[in-house]
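Below: the structure, in structure tokens.
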Amino acid sequence: MNQFEFESLLTGLPLGKLRYYGKVTSTNELAARWAESGAPHLSLVAADEQSEGRGRLGRRWLTPPGSALAFTLILTEVQPEAALMYNALGALAVCDTLNQALPPMLPAQVKWPNDVLAQRKKLAGVLAEAHWQGDRLAAIILGIGVNVSPGSLPPPGGLNFPATCVEEVVGAEVDRWGLLRAILETLLELLPHVGTPDFTRLWQMRLAFRGEWVQARQEDETLLEGYLSGLNPDGTLRLRDREGHFATVQFGEVSLRPVDSSSN
Ligand code: BT5
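Structure below.
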């Protein structure tokens with residue numbers, strides 16, 4: 206892939222400007238700098254490899270060469286009140302694209318707020334970062350990383366969740382760049398619906414662990430536990446305890462809590 210092939214690949218999609226790189230630190234980092242210097246809405250940065258790919262809360266995302274997708278969209282026309290939804294936009298775009306190739310009984314799902322799971326393993330991660338100018342939300346930097354072939358899989362030790370890749374779940378070789386185009390097409394279709402009740406409904410339909418007992422670790426490290434009952438209209442997560450009381454998880458990380466240790 207080179208810049209010219211990248212532009213041909215994405216011909217006809219209503220995107221902003223396009224930049225392709227062989228190796229970068231992080232496509233989100235480059236995109237943030239580009240946003241600052243005036244990148245138009247829906248500009249895209251993609252790379253074959255990242256040396257300092259970013260996850261949430263200072264974590265790292267691994268993107269070895271020749272095996273994964275790592276790309277970032279710069280959204281400048283955004284709804285500030287829907288910031289949480291942009292993580293879901295990225296995750297749903299990946300899910301819905303893959304679900305065309307996956308058996309309906311084993312769909313890809315969103316592990317709230319930002320992971321894509323297939324067969325209960327993580328196959329893609331999304332990092333939506335807000336870019337402020339003073340108190341104005343100037344852009345959402347929407348980064349998406351997808352493990353495509355087995356070479357993209359990090360060594361299992363040190364992972365916070367088991368990982369998989371698209372070729373493993375689809376059971377066939379996958380055209381990496383064709384997949385990128387397909388994900389972008391899905392994302393562009395979903396984009397006008399961000400923040401609407403239909404969008405939240407679709408997100409809820411794809412939510413992993415619904416009806417299961419889960420533990421949510423929040424950003425301040427406090428833990429909440431309960432049955433994952435669904436989403437609130439603003440995209441925050443709703444948990445229900447054994448007495449039927451509801452709690453809301455604003456932003457955090459959900460991890461499954463084994464059922465047999467939850468019986469108190
Ligand atoms: C995420 O963070 O899952 C968000 C990942 C976003 C990556 C994209 S790639 C394009 C753009 N540019 C960037 O610099 N970032 C975005 P989080 O939920 O915090 O998960 C991070 C954790 O996932 C790590 O601590 C590892 O345990 C695990 N991990 C790292 N690389 C992985 C991989 N390739 N596949 C599966 N798990 C991985």
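The sequence shown lines up with residues 206 to 469 when you count with this note's numbering.
Every residue, glycine too, gets a C-beta built ideally from N, C-alpha and C.
Predicted model, so just to flag it, every value in this text is computed and none were measured.
Under the three-state DSSP convention, the category residue i falls into
{"i": "L218", "result": "coil"}
{"i": "T391", "result": "helix"}
{"i": "S213", "result": "helix"}
{"i": "V351", "result": "strand"}
{"i": "G449", "result": "coil"}
{"i": "T441", "result": "coil"}
{"i": "Q423", "result": "strand"}
{"i": "G431", "result": "strand"}
CB-CB length for residue i against residue j, believed under 8 Å
{"i": "V419", "j": "L433", "result": "5 Å"}
{"i": "Q208", "j": "T232", "result": "The pair is not a contact, with the Cβ atoms about 14 Å apart (cut-off 8 Å)."}
{"i": "G431", "j": "T405", "result": "With a Cβ gap of about 19 Å, G431 and T405 do not count as contacting."}
{"i": "K298", "j": "L395", "result": "The displayed chain sequence assigns Ala, not Lys, to residue 298. That pair is a contact at about 6 Å."}
Residue burial classification, residue i (beta-carbon count within 10 angstroms, cutoff 16)
{"i": "P308", "result": "exposed"}
{"i": "D403", "result": "exposed"}
{"i": "A368", "result": "buried"}
{"i": "E334", "result": "buried"}
{"i": "T401", "result": "exposed"}
{"i": "A240", "result": "buried"}
{"i": "N365", "result": "exposed"}
{"i": "W408", "result": "buried"}
Residue from the options whose Cα sits closest to the Cα of residue i
{"i": "R238", "options": "V250, G227, R443", "result": "V250"}
{"i": "E373", "options": "N365, L358, G362", "result": "L358"}
{"i": "P397", "options": "A273, E286, L294", "result": "L294"}
{"i": "A329", "options": "M310, G350, G339", "result": "G350"}
{"i": "I345", "options": "M410, L297, E390, T281", "result": "T281"}
{"i": "G348", "options": "E241, L311, D446, G260", "result": "G260"}
{"i": "V399", "options": "E212, L223, Y291, A240", "result": "Y291"}
{"i": "N319", "options": "R411, L311, L215", "result": "R411"}
{"i": "T391", "options": "L267, A244, L218", "result": "L218"}
Of all the alpha helix (DSSP H) runs that stay within the bounds of the region 222-251, which reach a length of 4 or more residues?
232-241
Runs of alpha helix (DSSP H) wholly within the region 359-409 (minimum 4 residues, chain order):
371-375, 381-395
Note down, one range per segment and in chain order, each alpha helix (DSSP H) of at least 4 residues found wholly within the region 252-339.
288-304
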